[in-house]
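In the working numbering, the protein residues as written are 17 to 272.
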């Protein structure tokens, strides 16, 4: 991958799979306000395409993401870091199932971008730390919730209040990563997981993803879940899934 690239995050759509790729390797893929607005637009575009089942986040260079570009903080030139939080909230709430392919170090708000994804595949040699308190910056609400719901209160306190840097094995141990592979295996493992997810029944899988995230935040929308249950019970997908199970073949779901 060309490490001289210096572009806004790019969106690629290929059938059921969308990829948002960070393209500023020379600054460790930190995100400017314009980059964040670009990511928001990409997520809206992906949400508008009902056939997309998986949204992947990938990066160029040695680092996955070093968070928000803070160089203008205190000079009245940089929008509030709340913009970063709003963007990552959109990623967490994205309609497709999300995967972060963590190719290297991830710092600051970049760690929250990773945590917003449903699956987080990292490589041996990666590391992460959260320097907000060390820098004097209070973190935004959505990120605090994600750290707490994904990692638990003790690990959230450890990472926020000490700014401790942890390695890839620890990232897996505490649940920051859901999978850990050798660097040369990252693409293959991400592709394998993507294919598995794309083979799921859309009505069921995407609905379950949505409500698991809401329940983690204490929002149990029982009536909406009940409606989703009835919708899938009456769907062609359930009939196809049952037939495929009986016939010992792969199901061909249509999302209806």
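In this text, a Cβ means the ideal position worked out from N, Cα and C, and glycines have one as well.
CB of residue i within 9 angstroms of CB of residue j, strictly
i           : j           : result
residue 131 : residue 159 : yes
residue 171 : residue 103 : no
residue 139 : residue 201 : yes
residue 25  : residue 79  : no
residue 73  : residue 21  : no
residue 161 : residue 136 : no
residue 97  : residue 163 : no
residue 195 : residue 213 : no
residue 145 : residue 190 : no
residue 52  : residue 99  : yes
residue 75  : residue 120 : yes
residue 227 : residue 211 : no
Reference residue i; option with closest CA among the options
i           : options            : result
residue 271 : 119, 218, 188, 202 : 218
residue 153 : 179, 129, 164      : 179
residue 85  : 44, 29, 27         : 44
residue 106 : 265, 61, 23        : 61
residue 192 : 208, 258, 175, 48  : 175
residue 49  : 233, 116, 125, 248 : 125
residue 260 : 216, 238, 240      : 216
residue 34  : 266, 229, 206      : 206
residue 134 : 246, 71, 66, 237   : 71
residue 63  : 87, 29, 77         : 29
residue 167 : 187, 151, 148, 177 : 187
residue 229 : 128, 165, 116      : 165
residue 151 : 253, 197, 87       : 87
Enclosing beta strand (DSSP E) for residue i [first to last residue]
i           : result
residue 39  : 33 to 39
residue 249 : Premise fails: residue 249 lies in the alpha helix (DSSP H), 238 to 249, not in any beta strand (DSSP E).
residue 122 : 121 to 123
residue 114 : 113 to 118
residue 75  : 70 to 75
residue 263 : Here residue 263 belongs to no beta strand (DSSP E); instead the alpha helix (DSSP H) covers 252 to 263.
residue 28  : 23 to 30
residue 80  : 79 to 81
For residue j and residue i, believed in contact at Cβ under 8 angstroms, the rounded distance
i           : j           : result
residue 143 : residue 184 : 7 angstroms
residue 39  : residue 23  : 4 angstroms
residue 257 : residue 244 : The Cβ separation is near 15 angstroms, so there is no contact.
residue 141 : residue 199 : 7 angstroms
residue 177 : residue 204 : At roughly 37 angstroms, the Cβ-Cβ gap does not stay under 8 angstroms, so residue 177 and residue 204 are not in contact.
Terminal residues of the alpha helix (DSSP H) in which residue i lies
i           : result
residue 163 : 157 to 167
residue 134 : It is not in any alpha helix (DSSP H) - residue 134 carries neither H nor E in the DSSP assignment.
residue 225 : 218 to 232
residue 50  : 49 to 63
residue 146 : Neither: residue 146 is in no alpha helix (DSSP H) and is coded neither H nor E.
residue 203 : 202 to 214
residue 196 : Looking at the DSSP string, residue 196 is not in any alpha helix (DSSP H); the run it does join, the beta strand (DSSP E), is 195 to 197.
residue 186 : 184 to 189
residue 100 : 98 to 108
TODO: Please confirm if the segment 208 to 227 is in contact with the segment 108 to 119, defined as three or more CB-CB distances below 8 angstroms between the two stretches.
DONE: yes
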